[in-house]
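A.B. asks: Residue numbers (our numbering), protein chains in the order written: chain U, 1 to 179; chain X, 1 to 327; chain R, 1 to 382.
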Amino acid sequence: MIVKSLRETMLGMWSLLVGMKVTAVNFKSTQITVHYPREVVHSLEGYRGHIELVPSDEDPYKPKCIACNNCVRICPSACISLTAIKPKKKAAEKTEAPDSADEVKTKGKKEAPAKKAKPELESFVCDYNYCCLCGLCVQSCPTGALRYSSNVYLAGFTRQEFVLDLLSRLQNQAQKKEQ
Amino acid sequence: MIEAIPTQFIIIFVGLLAVMAFVGLNAIVLVYLERKVAGFIHRRPGPYEVGPPCFPHGILQPFADGLKLVGKQLFTPRGADSILFWLAPMISIAPAIVCFIVIPFGPHLQIVNTNVGLVLILAFTGINVLALCLAGWASQNKYGLIGAARDISQGVAYEIPLLLVVLSVVFMTGTFNLFDIADGQGAWPWQWYIFYQPLAFIIFFICALAETNRNPFDLPEAESELTAGFHTEYSGMGFACFFLAEYAYMVVASCIIAILFLGGFQGPVLPGGWWFLAKVYVLLLIMIWIRWTFPRVRFDQLLNICWKWLIPLAVLNLLITLAVIAI
Amino acid sequence: MNLDLRLDTSGDFYARKFQPTKREDTLILNMGPQHPSTHGVLRIILEIDGEYILRAEPVLGYIHRMHEKMAEVMSYPQYLPNPARTDYLHGLAWNWAHVAAVERLMGLEVPERAEYIRVITCELNRITSHLLWWGAYLLDLGAFTPIMYAFDDRERIQDILQRITGSRLTYCYYRFGGVSNDIDDRFIEETRKQCSRMKPRFKMFKDLVTDNFILRKRVEEIGEIPADTCRKYGATGPVLRGSGVPYDVRRAEPYSVYDRFDFNIPSYDTCDAMGRYLVRMDEMQESIKIIEQALDTLPEGDYIMPKAPKKPKPPAGDVYFALEGARGKIGFHLVSDGDKSPYRLKLRAPGFSNLSLFSEVSEGVLIADAVSILGSLDLVIP
Ligand code: SF4
Ligand code: SF4
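#1: Residues of chain R with a CB under 9 Å from the CB of X/F215: which are they?
#2: What does the alpha-carbon distance come out to for the pair U/S77 and R/P77?
#3: Go through the segment 15-90 of chain R residue by residue and report every complete run of the beta strand (DSSP E) that reaches 3 residues or more, in order.
#4: Helix, strand or coil for X/V31 per DSSP?
#5: Which same chain residues end up closer than 8 Å to R/V361 when comparing Cβ atoms and leaving out the 5 residues on each side of it in sequence?
#6: Which residue wins for smallest C-alpha separation from U/V163, given the options U/S149, U/L53, U/D127, U/V40?
#7: For a test of the three-state rule: what should DSSP assign to X/E221, helix, strand or coil?
#8: Under 7 Å, CB to CB, which of the residues in the segment 30-59 of chain R have a partner in chain X?
#9: Is R/P81 close to ligand 1? I mean its beta-carbon at under 8 Å from any heavy atom of the ligand.
#10: Going by alpha carbons, who is nearest to X/F205 out of X/D65, X/E233, X/F85, X/C255?
#11: In the DSSP assignment, find the alpha helix (DSSP H) that holds U/S149 and state where it starts and stops.
#12: Could you tell me whether the Cβ of R/K203 comes closer than 9 Å to any Cβ of chain X?
#13: Let me know the secondary structure DSSP gives R/P402 once reduced to three states.
#14: List the whole-angstrom C-beta distance separating R/E72 from R/R344, where the pair is believed to meet the contact cut-off of C-beta under 8 Å.
#15: Do X/L33 and X/L284 have their CB atoms nearer than 9 Å?
#16: So which of R/M74, R/E68, R/P33, R/L80 has the shortest CA-CA distance to R/P58?
#17: How is R/Y320 classed by DSSP in three states: helix, strand or coil?
#18: If you draw a straight line from the C-alpha of R/G237 to the C-alpha of R/I265, how long is it?
#19: Identify which residue in X/P89, X/A258, X/Y158, X/I325 has its Cα closest to the Cα of X/F105.
#20: Do we get a CB-CB distance below 9 Å when we pair U/V22 with the residues of chain X?
#21: What is the DSSP secondary structure of U/K94, counted as helix, strand or coil?
#22: Does the beta carbon of X/Q8 come closer than 9 Å to any beta carbon on chain U?
#23: Output yes if chain R places a C-beta closer than 9 Å to the C-beta of X/P77; else output no.
#24: Please report the straight-line C-alpha distance between X/L84 and X/I290, rounded to a whole angstrom.
#25: If contact means a Cβ-Cβ distance below 8 Å, which residues of the segment 140-166 of chain X contact chain U?
#26: Contact between the segment 294-306 of chain R and the segment 98-112 of chain R: three or more CB pairs below 8 Å?
#27: For ligand 2, I want to know if U/P55 counts as a neighbour, meaning its beta carbon is within less than 8 Å of at least one of the ligand's heavy atoms.
#28: Below 9 Å between beta carbons: does that hold for R/T86 and R/H67?
#29: Counting pairs of beta carbons, one from the segment 35-46 of chain R and one from the segment 312-327 of chain R, are three or more of them closer than 8 Å?
#30: Compute the Euclidean distance between the alpha carbons of U/S15 and R/A273, then round it to the nearest angstrom.
#31: Quick test of your reading: X/I203 and X/P161, contact by CB under 8 Å. State the CB separation rounded to the nearest angstrom.
#32: Take the Cβ of X/G264 as the centre, count every other Cβ of all protein chains shown within 10 Å, and call the residue buried at 16 or more, exposed below.
#33: Rank R/S75, R/D25, R/M70 by C-alpha distance to the C-alpha of R/K340 and give the top, closest one.
#34: Is it true that the CB of X/I28 sits closer than 9 Å to the CB of X/Y66?
#35: Do X/S235 and X/Q73 have their C-beta atoms within less than 9 Å of each other?
#36: Which of the three DSSP states is assigned to R/T121 in this structure?
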């Protein structure tokens, strides 16, 4: 009995030393911290940041979006809202009454898909406060007009800073590219 | 007028001031050391970005910590006994400072050389138990109360093997005078008492961990069970005092271990003070290393270790020592 | 100063309803909902005598998020991001249970490659979940370092998963009829590398923790849950397997392609916290085995079925789908009336059944042991 418990205690003490050896080895090994402001993580590929609009092929200032509202409807958090100007009315506006800003909120309405001229996006707002980054909007978009950004380093003081105006973001990006 | 004050008092007064500075400095160094060692063990850099870039590796961290603690509101919980509640941190820190007076840091670096130095230290460190008990009791918090109860039984239990081991060293040297004990050992490691009393060294070390409430014996403040144990309700400087006291007692414990078993200020080549400091810091590093390696023991196991292992072993050690001395 | 702490129970509804034993000299202690070891928002009312627990009563409902109700008002694809939030540590399994329930109801044929991808990602997720449990459990027991080592590996696996699924914790990767992205060669290569990296790590974990004397004393013969108690409360997963019942949904009612892989169901009949601990440690290694086999035999083909329904409307009827999550059996009971959202959805969260054991098991143990038992149940409060 005594021998057994002595033996157990000795083995136990030994296991403690082994444990201390493990931490000592780790003490000496290289660190794996990324020092954030000076370094950034490299593994951002595939990261689902907030959504952003994809520029169309011909004009980097114009999004591909055709304002079909698929993304608005699928979004589980209801955080996308967009307004668009219908092309016919816009054309009419230009010729007849240029001052009457007759914008139509297309939210919830169905657009006829077989239109020749696509409706022009007027605003596209993603309320990132509510977004759960599910990616359903990106997948449901028929024209591939949405994509994930890799904008991870987000910080702000107010909620308003995270109501993202994606259209102006697109224009900023295009501007930056030009410079 | 000046002549009326004995020089002894002046020495003690100046010494106390020096000791306070030493304790404060030690706490700063230890806070930094602890966090850095923990970081390195975790394979991260520890505190790194504090203050302007001209202070690399976060060396300002302890000062930032201290500033934060000083700046916090002192808060007395409702229903707490406010006198005892605020007395406790002071009772905790004061004896720790007194202990340093009798410690010989070097051959000529000792504030008071008394014949009962060892007894004095053991007596004063015991007061800490009372302080923690008061803290837990007065804060009118159930977690604090349990923490206090744990601390008392732990402190009382571990005092016994501690004294028994100290006794065997005292029998060997025949003195309670810390200076003489350190002086009695040679400069080289094989002349130190750790080679005559290896078992005593191990027991003392374990007891020191338990008495200073360090992991794996940090039960009074076991944060996963008792949130923070006896200092659950303390904020700001109240907490800082306990914190400071813990580090001070760690240093005291390391000092005594260094004196009793590792030859104190004795060492080849370098002057004594440096040897002493080096030994103390090696011991402190081991304590920190242990803390970041092991899980916490359970409360009944803690007492079992003491009553079933350490005390019999300490008695055995004492008997053997006596037998050897008698022969 | 009010020294009669016993009177302090007049707190809230639960504290007032709490029925202490008939003893006089006891203390009623409120553990949580902000307690370091109740992991989030569980609250336990304890009646203690010294350090011994006489009665323990978990109080639930601090994080009721109405996932079932949400399903009734959302369309099927809109509910996709939700299940992963119920158990944030093993999100992919819940995600899988959701899509698989709908697939079963609609009779969809999922391409084989998609099934393999699901198996691989779900097992990777299981490893991350167990790693986090491991670290957090040791944190409960007072060891700070292991969680850092666990996170080292966990982060690497999350990097791998993030490349392919887009998120690190609350995944929304599986779709009705497949998965949302195909895996590529780099994913396969990285996963293999991670698998071979993990193997020596287990040795280190064993040296540092499993063999550690202090830890062994803290978990061995603590919190013994007999198999009968497990059956009574419906405990599943590592808790049940730690009690000597080798029940694993992956083996008992094989779903997907699990019947093609060769893996063991670790079980220990010590019934104590150590048993549950070892089950999880072994399970991580088994998961690696499954992943390697799946990578070896990964078939070519589609990652999502060609005509996967974007907005499924399952026929009226009900379906039950169960799978093995990191914490036990995850059940999705879906009742559909043919509409675009479910008529009723019932989730079976393993953590709930496992927690209900606690009250019985913790009677008469020390507070420190109760913390250890609670940790060993691996709760995610759903
Ligand atoms: S990612 Fe999901 S929640 Fe976010 S905007 Fe898109 S659909 Fe909405
Ligand atoms: S689904 Fe695509 S095209 Fe349609 S509104 Fe949204 S972003 Fe525009």
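Idealized CB from N, CA, C, for every residue including glycine. A quick note: this is a predicted structure, and the numbers were derived from the prediction, not measured.
C.D. replies: The short version:
#1: One detail in the question is off: residue 215 of chain X reads as Asn in this sequence, not Phe. Those are G142, A143, F144, listed as they occur along chain R.
#2: Straight-line measurement puts the Cα of R/P77 at about 12 Å from the Cα of U/S77.
#3: For secondary structure counted as the beta strand (DSSP E) over 3 or more consecutive residues, the segment 15-90 of chain R holds these complete runs in sequence order: 27-31, 43-49, 52-59.
#4: Shown here, X/V31 sits in a helix according to DSSP, grouped into three states.
#5: Within the same chain, R/V361 has close Cβ partners G223, E224, I225, T229, I373.
#6: Measuring C-alpha to C-alpha distances from U/V163 to each of U/S149, U/L53, U/D127, U/V40 identifies U/D127 as the nearest.
#7: Helix.
#8: Cβ contacts with chain X: H35, P36, S37, E51.
#9: Under cutoff, so the answer is yes.
#10: Closest by alpha carbon: X/C255.
#11: Unbroken run through U/S149: none, as it is neither H nor E.
#12: So, not an interface residue.
#13: Residue 402 of chain R is absent from the model: chain R starts at 1 and stops at 382.
#14: Right, the Cβ-Cβ distance comes to about 7 Å (below 8 Å), so this counts as a contact.
#15: Against a cut-off of 9 Å, the Cβ pair of X/L284 and X/L33 comes out as a contact.
#16: Nearest C-alpha to R/P58: R/P33.
#17: DSSP, read as helix, strand or coil, puts R/Y320 in strand.
#18: Approximately 10 Å between the Cα atoms of the pair.
#19: Each of X/P89, X/A258, X/Y158, X/I325 was checked against the Cα of X/F105, and the nearest Cα belongs to X/A258.
#20: Chain X places a beta carbon closer than 9 Å to that of U/V22, counting this residue as a contact.
#21: For U/K94, the pLDDT reaches just 47, beneath the cut-off of 50, and the residue's location in the model is therefore unreliable, although a value from the coordinates is still provided. DSSP, read as helix, strand or coil, puts U/K94 in helix.
#22: For X/Q8, not one C-beta of chain U is nearer than 9 Å to its own C-beta.
#23: Answer no: the Cβ-Cβ gap between X/P77 and chain R never drops below 9 Å.
#24: When the Cα atoms are used, X/L84 and X/I290 turn out to be separated by approximately 33 Å.
#25: From the segment 140-166 of chain X, no residue has a Cβ closer than 8 Å to chain U.
#26: A contact exists between the segment 294-306 of chain R and the segment 98-112 of chain R.
#27: No; taking the cut-off as 8 Å, the Cβ of U/P55 has no heavy atom of ligand 2 nearer than that.
#28: The answer is yes: Cβ separation under 9 Å.
#29: Because the criterion of three Cβ pairs below 8 Å is not met, the segment 35-46 of chain R and the segment 312-327 of chain R do not touch.
#30: Per the coordinates, the alpha-carbon of U/S15 lies some 20 Å from the alpha-carbon of R/A273.
#31: Contact check for X/I203 and X/P161: beta-carbon distance about 6 Å, within the 8 Å limit, so the pair qualifies.
#32: X/G264 is buried by the Cβ-count criterion.
#33: Of R/S75, R/D25, R/M70, the smallest CA-CA separation from R/K340 is found for R/S75.
#34: Here residue 66 of chain X is Gly; the residue named in the question, Tyr, does not match the sequence. In this structure, X/I28 lies closer than 9 Å to X/G66 by Cβ.
#35: Yes.
#36: Helix.
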